[in-house]
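Colleague: Residue numbers (the numbering used here): 1 to 255.
Dropping a structure here in structure tokens format, bear with me for questions.
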């Protein structure tokens, strides 16, 4: 394998405006003297986010004073390391990445203004922090990715509100996580992948209701999970994989 520098280390050194930079231009003499920054690797003046992040990781005390930096990557990464009690003004930052970082770090009691943020990335970040009714309020979000993020963290009992969500990925999450008593209401879901998830969890005494599903993948799950006595016509199913699975269950019972 040939040697050489990585693509990251070969890029630069330029600042966010495209101007060349050097250690001689850097105002952070203390970090240089202490060996807590490195040219083309850990530098707050560099335009590369990874290099900026390395700088703040090594020098978190510098983060607070960079929260107003004109370059959004610096503000975003400063917000990752700054005191959370200094982040309030960034709720109104014009850059969504900054506001998303604020949503991940601001004290929960101060997050409510971000519920109306126009950027889905910010509301998805909120879903990682909120709980209870505040989290459930995101079930009505217009963006499916926000609703999905909320569904992944909400208490299972709350997911009944999402069984008719317009997006199948959200309903599939419900099928995976909702309490058993919710599942019978989802056996007729229009999306096969949702019904497969339902069939994988539905109690066996209810699963027989799905043995005639139009999708062979659902019937295959039924053939694998139903007690042999309830396999019924699955042993003669039109799909070979379903028949084989059902016959295997029958054979195992008799063997």
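For each residue, glycine too, the CB sits at the ideal point set by N, CA and C.
Around the C-beta of residue 291, are 16 or more other C-beta atoms found within 10 angstroms, so that it is buried, or is it exposed?
Modeller: The first residue shown for the chain is 1 and the last is 255, placing residue 291 beyond what the model contains.
Colleague: In terms of residue numbering, what span does the alpha helix (DSSP H) encompassing residue 132 cover?
Modeller: Translated into positions along the chain shown, residue 132 becomes position 132. It spans 132-136 - the alpha helix (DSSP H) in which residue 132 sits, taken as one unbroken run.
Colleague: Spatial neighbours of residue 53 within its chain, please: CB distance less than 7 Å, with the 5 preceding and 5 following residues excluded, ordered by chain position.
Modeller: Along the chain shown, read from residue 1 onward, the residue named residue 53 stands at position 53. 77.
Colleague: Whether or not the segment 164-177 and the segment 193-212 are in contact is what I'm after, with contact meaning three or more pairs of Cβ atoms, one per stretch, closer than 8 Å; do they touch?
Modeller: The segment 193-212 is in contact with the segment 164-177.
Colleague: Between the Cα of residue 261 and the Cα atoms of 119, 246, 231, which residue gives the shortest distance?
Modeller: Past the boundaries of the shown model lies residue 261; the chain is included only from 1 to 255, so the question cannot be answered.
Colleague: Leaving out five residues before and five after residue 215 in sequence, what residues of the same chain have Cβ atoms less than 8 Å from its Cβ?
Modeller: Residue mapping note: residue 215 aligns to position 215 of the chain shown, counting from 1. Within the same chain, residue 215 has close Cβ partners 192, 195, 196.
Colleague: Could you check where the alpha helix (DSSP H) with residue 222 kicks off and where it finishes?
Modeller: Locating residue 222 in the chain shown gives position 222, where the first residue counts as 1. Here the alpha helix (DSSP H) through residue 222 covers 216-225.
Colleague: Rounded to a whole number of angstroms, what is the C-alpha to C-alpha distance between residue 228 and residue 252?
Modeller: On the chain shown, residue 228 is found 228 positions in, with the first residue counted as 1. On the chain shown, residue 252 is found 252 positions in, with the first residue counted as 1. Taking the straight line from one Cα to the other gives about 9 Å.
Colleague: Pull up the distance between the alpha-carbon of residue 224 and that of residue 238, whole angstroms please.
Modeller: As a working note, residue 224 is residue 224 in the chain shown. As a working note, residue 238 is residue 238 in the chain shown. Approximately 16 Å between the Cα atoms of the pair.
Colleague: At least one CB of chain D closer than 8 Å to the CB of residue 98: is that the case?
Modeller: Absence of chain D from the displayed structure is noted, only one protein chain being present.
Colleague: Residue 92 to residue 146, Cα distance in whole Å?
Modeller: Here residue 92 is taken as the residue at index 92 of the chain shown, counted from 1. Here residue 146 is taken as the residue at index 146 of the chain shown, counted from 1. C-alpha separation (whole angstroms): 20 Å.
Colleague: Excluding sequence positions up to five away, which residues of its chain have a Cβ less than 7 Å from the Cβ of residue 137?
Modeller: Locating residue 137 in the chain shown gives position 137, where the first residue counts as 1. The residues are 115.
Colleague: Can you give the Cα-Cα distance for residue 36 and residue 42, rounded to whole angstroms?
Modeller: Position 36 of the chain shown, counted from the start, is the residue given in the question as residue 36. Position 42 of the chain shown, counted from the start, is the residue given in the question as residue 42. Cα to Cα, residue 36 sits roughly 8 Å from residue 42.
Colleague: With 16 as the cutoff for other CB atoms within 10 Å, does residue 122 come out buried or exposed?
Modeller: In the chain shown, counting from the first residue as 1, residue 122 sits at position 122. By the 10 Å Cβ count, residue 122 comes out buried.
Colleague: Restricting to Cα atoms, I'd like to know which of 108, 69, 73, 97 is closest to residue 84.
Modeller: Stepping through the chain shown from its first residue, residue 84 is reached at position 84. Checked all of 108, 69, 73, 97; the closest Cα to residue 84 is 108.
Colleague: Quick one: what's got a C-beta closer than 7 Å to residue 125's C-beta in the same chain, skipping five residues either side?
Modeller: In the chain shown, residue 125 corresponds to position 125, counting from 1. Counting only Cβ-Cβ distances below 7 Å, and skipping sequence neighbours, we find 100, 103, 104.
Colleague: Could you tell me which whole beta strand (DSSP E) segments of length 3 or greater appear in the segment 16-81?
Modeller: If we require 3 residues or more, the segment 16-81 turns out to have no beta strand (DSSP E) run fully inside it.
Colleague: Alpha carbon to alpha carbon, how far is residue 24 from residue 31?
Modeller: Numbered from 1 along the chain shown, position 24 holds the residue referred to as residue 24. Numbered from 1 along the chain shown, position 31 holds the residue referred to as residue 31. Going by the C-alpha atoms only, they are around 13 Å apart.
Colleague: Where residue 16 and residue 143 are concerned, what is the direct C-alpha to C-alpha distance, given to the nearest angstrom?
Modeller: Taking the chain shown and counting its residues from 1, one reaches residue 16 at position 16. Taking the chain shown and counting its residues from 1, one reaches residue 143 at position 143. So the two alpha carbons sit approximately 32 Å from each other.
Colleague: Count the other CB atoms within 10 Å of the CB of residue 75; is the residue buried (16 or more) or exposed (fewer)?
Modeller: As a working note, residue 75 is residue 75 in the chain shown. The residue in question, residue 75, is buried, as its Cβ has 16 or more Cβ neighbours within 10 Å.
Colleague: So, residue 130 versus residue 111, is the Cβ gap smaller than 8 Å?
Modeller: The residue you call residue 130 lines up with position 130 of the chain shown. The residue you call residue 111 lines up with position 111 of the chain shown. Yes, Cβ-Cβ distance for residue 130 and residue 111 is below 8 Å.
Colleague: Exposed or buried, what is residue 282 when buried is set at 16 or more other beta-carbons lying within 10 Å of its beta-carbon?
Modeller: Because residue 282 is not part of the residues shown, which for the chain are 1 to 255, the question remains open.
Colleague: Less than 7 Å between C-beta atoms, sequence neighbours within five positions excluded: which residues of the same chain meet that for residue 14?
Modeller: For the purposes of this step, residue 14 is identified with residue 14 of the chain shown, where counting begins at 1. Correct list, in chain order: 20, 21, 47.
Colleague: Rounded to a whole number of angstroms, what is the C-alpha to C-alpha distance between residue 204 and residue 226?
Modeller: Stepping through the chain shown from its first residue, residue 204 is reached at position 204. Stepping through the chain shown from its first residue, residue 226 is reached at position 226. If you take the alpha carbons of residue 204 and residue 226, they lie about 6 Å apart.
Colleague: In the segment 92-146, which residue ranges form an unbroken alpha helix (DSSP H) of at least 4 residues, counting only runs that do not cross its ends?
Modeller: Segments of the alpha helix (DSSP H) lying fully in the segment 92-146: 96-105, 120-127, 132-136.
Colleague: Whole angstroms are fine: how far does the CA of residue 128 sit from the CA of residue 217?
Modeller: Start at 1 with the first residue of the chain shown, and residue 217 comes out as number 217. Start at 1 with the first residue of the chain shown, and residue 128 comes out as number 128. Distance between the alpha carbons of residue 217 and residue 128: 33 Å.
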